[in-house]
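Notes to accompany the following structure.
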Amino acid sequence: MFQSSTKVAWRDLWAILIYFLGQATLPFIVLAVFTQLNINIPEPIMLMIGIILTSLLVILFIIISHRHKFQLHFVENLKDLRQHIKLILFTYVAYLLSNGLFMVIMTQLPKKWQFQDTGNQDSLMIFFEQPQWLPFVFLGIVILTPITEELLFRHILIGELGKKFGIGFMSIISVVSFALLHMQVAQSPLEIVPYLLLGTMFTITYVKSNGNIAVPIVTHIFNNGMALIAILQQM
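Numbers given in my numbering equal positions in the sequence shown, counted from 1, plus 3.
Structure, rendered in structure tokens:
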């Protein structure tokens, strides 16, 4: 829930630095360590281990940063979560309809603008090549990534920086920055639209729940879980 204190926890910004440094370095560190130990693990899984470690570092940092009130807020957010189940379902259905409408409209555009799956979705397929590693994929993509991204894009950008720059303005920044993060391997500029819709869904659940970070986290986990099930059904 949005805290009554107007004081910004500027230290939380370190979590953003930890995230990007971790994403850039930890996969290579894991690869170097496993190679040195002669442990044969597929490179995509080493990358996933790096992603998992990065997420754990970000989550741990936020917990330590708010250690004095973490347990209290954690319990309050979980208790309040049940009141927002309808909000989660409504925004998810609205996202599906909006994204479906966009995909229909896109079929009327020139071929060069069209895409079936986003570059980000295609890049994730390497993690599904060996089914025995699916537990790692589930932990990384369905559980830890949603928690990490919601802490960064909703808790820090809106919950903390919103105290300084306004909830509305930082909500827009949150949606746009979230979408841009997922455009690193995009082939079409229109690929940003599904991620703008996703970011909007998560932001709405966060703001409408009065800053209960558990609500967008659960929404994000649910969305990624459904996406994982859809991928597994196609394999």
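For glycine and all other residues, C-beta sits at the position ideal for the given N, C-alpha and C.
{"Check": "N-terminal and C-terminal residue of the alpha helix (DSSP H) that isoleucine 42 is part of", "Outcome": "Careful: isoleucine 42 lies outside any alpha helix (DSSP H) and carries neither H nor E."}
{"Check": "Tyrosine 98 CB to nearest heavy atom of the ligand ATP below 7 Å", "Outcome": "Looking for the ligand ATP in the displayed structure turns up nothing, as the structure carries no ligands at all."}
{"Check": "Top-ranked residue by Cα proximity to tryptophan 136, from Ile19, Thr28, Ile52, Ile216", "Outcome": "Ile52"}
{"Check": "Beta-carbon gap between tyrosine 199 and isoleucine 176 smaller than 8 Å", "Outcome": "According to the sequence provided, residue 199 is leucine. The question's tyrosine does not apply to it. No. Outside cutoff."}
{"Check": "Rounded Cβ spacing between valine 210 and serine 174 (contact assumed at less than 8 Å)", "Outcome": "6 Å"}
{"Check": "Exposure label - proline 113; buried when at least 16 CB within 10 Å", "Outcome": "exposed"}
{"Check": "Inter-residue Cα distance where the pair is aspartate 83 and valine 36", "Outcome": "43 Å"}
{"Check": "Whole-Å CB distance - glycine 143 paired with valine 188, under 8 Å assumed", "Outcome": "Incorrect: roughly 17 Å between the Cβ atoms, too far for contact."}
{"Check": "Buried or exposed (CB count within 10 angstroms, at least 16 for buried), asparagine 43", "Outcome": "exposed"}
{"Check": "Inter-residue Cα distance where the pair is glycine 171 and asparagine 41", "Outcome": "51 Å"}
{"Check": "Under the three-state DSSP convention, the category alanine 189 falls into", "Outcome": "coil"}
{"Check": "For phenylalanine 141, the first and last residue of its enclosing alpha helix (DSSP H)", "Outcome": "Taken as a continuous stretch (DSSP letters only), phenylalanine 141 belongs to no alpha helix (DSSP H), as it is neither H nor E."}
{"Check": "Same chain, Cβ closer than 7 Å to arginine 14, neighbours up to 5 away in sequence not counted", "Outcome": "Ser68"}
{"Check": "Buried or exposed (CB count within 10 angstroms, at least 16 for buried), asparagine 227", "Outcome": "buried"}
{"Check": "Own chain, CB closer than 6 Å to threonine 206, minus 5 neighbours either side, in chain order", "Outcome": "Ser174, Ser177, Val178"}
{"Check": "Residue closest to lysine 10, alpha-carbon to alpha-carbon, out of Tyr95, Gly162, Pro138, Ser58", "Outcome": "Gly162"}
{"Check": "Nearest residue (CA-CA) to proline 45, options Leu34, Gln39, Arg157, Ile55", "Outcome": "Leu34"}
{"Check": "CB contact flag (tyrosine 98, methionine 204, <8 Å)", "Outcome": "yes"}
{"Check": "Check whether valine 218 and histidine 76 have beta carbons under 8 Å apart", "Outcome": "no"}
{"Check": "Distance, glycine 25 Cα to leucine 1 Cα", "Outcome": "For residue 1 there is no data in the structure shown, the boundaries of the chain being 4 and 238."}
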